[in-house]
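Take a look at the structure below.
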């Protein structure tokens, strides 16, 4: 088989070990690469970015590890539209520079993989690419969540997706993701991401599924996310989010499970009303700024110092008074004795 003409490679669900072979760079027409569910031990293969026709890259459920380094050139993965790196051992921050170079996700264009018939069936919120049909020259998708299947059928635009769930990514969600205007699915769940949810995500108007669950995110859920009118799946459960849940449009369709594990959220669909919600004493203490905490220490120190000063001053004054009385008392006695002797 001539590797130069190879367009699709699916070696998923085997027991493949070792590293991803570098000889794949010779497959210059490769569009679809699926190596998921193997035992590959490697770092992120950034060299695959030289495959200028690569559109779908699935490396999920392996032992690929380490930090995803910055791309060596600005045009790595120029046509990438679907990437799934879930359930690996990646560390470090999210690959911000790569997001900026994935130009095919920045616009919703009319091209698609005409030979593919693809079915997407998530386990929970996890997207699995399961089947394709070259002979039908069609592309279709079915996304299932919470027992509900969403059939996208034959679509004119390629499904664009980033799935980085189930790793050890840290840091904040970069605002540069907002430049990927054609993105349909974003799954960053089950990592160690912190900070606020960027309000700029509201500009991802083509987004249909957003999963940020099981991280350490804090602050409010941006109201701008309610502007994403195609959003069908939304999950921010098990974070540290606070305040009012956005209202309107698709947010009126999400149930409690989208928000569980965030005790400081309030508003519909939760039974906790923001008007009547009062944070507990512990929440108040947690929400205090370090500045206020420092002033509390200063005031405590000042008060303690004042009390100690008063007590010591009083003690000093009392002892000094007794000491003076003794001195002057002795002098008075000497004077009286001297007068008696003169007499």
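In the working numbering, the protein residues as written are 1 to 343.
Yeah, the Cβ is synthetic: ideal placement off N, Cα and C, and Gly gets one too.
- What is the DSSP secondary structure of residue 187, counted as helix, strand or coil? Residue state, collapsed to three classes: strand.
- Query: By a C-beta neighbour count over all protein chains shown, 10 Å radius and 16 as the cutoff for buried, is residue 81 buried or exposed?
  - Reply: Around the C-beta of residue 81, 16 or more other C-beta atoms lie within 10 Å, and the residue is accordingly described as buried.
- Message: DSSP has residue 264 in a bridge; who is on the other side?
- Response: Residue 264 is bridged by DSSP to 242.
- Query: Which of the three DSSP states, helix, strand or coil, is assigned to residue 67?
  - Reply: Here residue 67 sits in strand by DSSP.
- Message: Would residue 184 and residue 163 be called neighbours here (beta carbons separated by less than 8 Å)?
- Response: Not closer than 8 Å, so no.
- Task: Pull up the distance between the alpha-carbon of residue 260 and that of residue 28, whole angstroms please.
- Result: For residue 260 and residue 28, the distance between alpha carbons rounds to 46 Å.
- Task: To the nearest angstrom, report how far apart residue 267 and residue 182 are at their CA atoms.
- Result: For residue 267 and residue 182, the distance between alpha carbons rounds to 30 Å.
- What's the gap between the Cα of residue 246 and the Cα of residue 197? Distance between the alpha carbons of residue 246 and residue 197: 13 Å.
- Message: Need the endpoints of the alpha helix (DSSP H) that residue 101 sits in, please.
- Response: Unbroken alpha helix (DSSP H) run through residue 101: 96 to 101.
- With DSSP run on the structure shown, which of helix, strand or coil describes residue 17? In the three-state reduction of the DSSP assignment, residue 17 falls in the strand class, which pools E and B.
- Hey, how far is the Cα of residue 221 from the Cα of residue 30? Straight-line Cα distance between these residues: approximately 40 Å.
- Task: With a 10 Å radius around its C-beta and 16 neighbouring C-beta atoms as the bar for buried, classify residue 95 as buried or exposed.
- Result: Result: buried.
- Roughly how many angstroms lie between the CA atoms of residue 16 and residue 38, to the nearest whole one? Rounded to the nearest angstrom, the two C-alpha atoms are 5 Å apart.
- Simplified DSSP state of residue 141, which is helix, strand or coil: Any reading at residue 141 must be qualified, since the residue scores a pLDDT of 40, below 50, and its modelled position is unreliable; no value is offered.
- Cβ atoms of residue 230 and residue 208: under 8 Å apart, would you say? Cβ atoms of residue 208 and residue 230: closer than 8 Å.
- Compute the beta-carbon to beta-carbon distance between residue 213 and residue 192, rounded to the nearest angstrom, for a pair I have assumed lies under 8 Å. So it is not a contact: roughly 13 Å between Cβ atoms.
- Query: Do residue 34 and residue 58 have their C-beta atoms within less than 8 Å of each other?
  - Reply: In contact: residue 34 and residue 58 (Cβ atoms closer than 8 Å).
- Please go through the segment 6 to 63 and give each complete beta strand (DSSP E) segment of 3 or more residues, from N-terminal end onward. Taken in chain order, the unbroken stretches of beta strand (DSSP E) that lie wholly in the segment 6 to 63 and span 3 residues or more are 8 to 10, 32 to 34, 39 to 43, 56 to 58.
- In terms of DSSP beta bridges, what is residue 197 paired with? Its beta-bridge partners do not exist; DSSP assigns none.
- Task: Give the C-beta separation of residue 167 and residue 90 to the nearest angstrom, bearing in mind that I take them to be a contact with Cβ-Cβ under 8 Å.
- Result: Taking a contact as a CB-CB distance under 8 Å, the pair residue 167 and residue 90 counts as one, their CB atoms being some 4 Å apart.
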